[in-house]
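Asker:
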Amino acid sequence: MLAWRTVRQNVEFGLPKSMRKEGPARVDEVLNLVGLAAAQHAWPRELSGGMEKRAALARALVGSPDLLMLDEPFGALDLQNRLALQDELVALRERLGFSVLLVTHDIDEAVYLADRVIILGGVPAQVREQVLIALPHPRDRLAEEFMQARTRVLAHIVDTDHHR
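Each residue of the sequence shown is one higher than the last, beginning at 21 in the working numbering.
#1: Could you give the DSSP three-state label for residue 89: helix, strand or coil?
#2: Give the C-beta separation of residue 169 and residue 155 to the nearest angstrom, bearing in mind that I take them to be a contact with Cβ-Cβ under 8 Å.
#3: Since residue 137 and residue 131 should fall inside the 8 Å C-beta cutoff, what is the C-beta to C-beta distance between them, to a whole number of angstroms?
#4: Below 8 Å on the Cβ atoms is my guess for residue 62 versus residue 26; work out the distance and round it to an integer in Å.
#5: Between which two residues does the beta strand (DSSP E) holding residue 54 run?
#6: Could you pull out every unbroken beta strand (DSSP E) segment of at least 3 residues lying fully inside the segment 72-149, listed in chain order?
#7: Just to confirm, are residue 91 and residue 119 a CB contact at a threshold of 8 Å?
#8: In the structure shown, what three-state DSSP assignment does residue 152 receive?
#9: When burial is assigned at 16 or more other CB atoms within 10 Å of the CB, is residue 94 buried or exposed?
#10: Determine the direct distance from the alpha carbon of residue 81 to that of residue 89, and round the result to whole angstroms.
#11: Here's the rule: buried if 16 or more other CB atoms are within 10 angstroms of the residue's CB, otherwise exposed. What is residue 106?
#12: Taking DSSP as the reference, what is the three-state secondary structure of residue 176?
#13: By DSSP, does residue 26 sit in helix, in strand, or in coil?
#14: How is residue 44 classed by DSSP in three states: helix, strand or coil?
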């Protein structure tokens, strides 16, 4: 987030030039999607951590990407906000139809959000393992199937670490 721009101005900053005509309507739509329409004139310093992440997500989505690349997007949030934003990301992905490339060190987050977990290791980084997560959405973190998928991912990580 650019500190000298309001939430709305930060989201507008993400608009590609090809979408400038529909800009105001598209910005309104995305701000509504992420629940920030009422905060559109707020400055970044006035936002909670969760609201700031929503604004950054809106800026990324305003250009209607086919692929959204996220690097530890929820890592700095408290558990309640992290889980809520994970649910929002799943809902937005299903509604808008984009793919997500997510970098995370959180196994639960990977299993909850991903259809495939790719485990990297080594220098330079190499694909060590791929684990398919064949669970329907929405996923229940307390379901036995979720726990089994989590255990499979963890087993591959431990196995990869032992065979460096």
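Built from N, CA and C at the ideal position, the CB exists for glycine as well. What you are looking at is a predicted structure, and each value in this text was computed from that prediction instead of being measured.
Answerer: Looking at the coordinates:
#1: strand
#2: 6 Å
#3: 7 Å
#4: 6 Å
#5: From DSSP, residue 54 is part of no beta strand (DSSP E); its letter is neither H nor E.
#6: 87-91, 119-123 and 136-141
#7: no
#8: strand
#9: buried
#10: 11 Å
#11: buried
#12: helix
#13: coil
#14: helix
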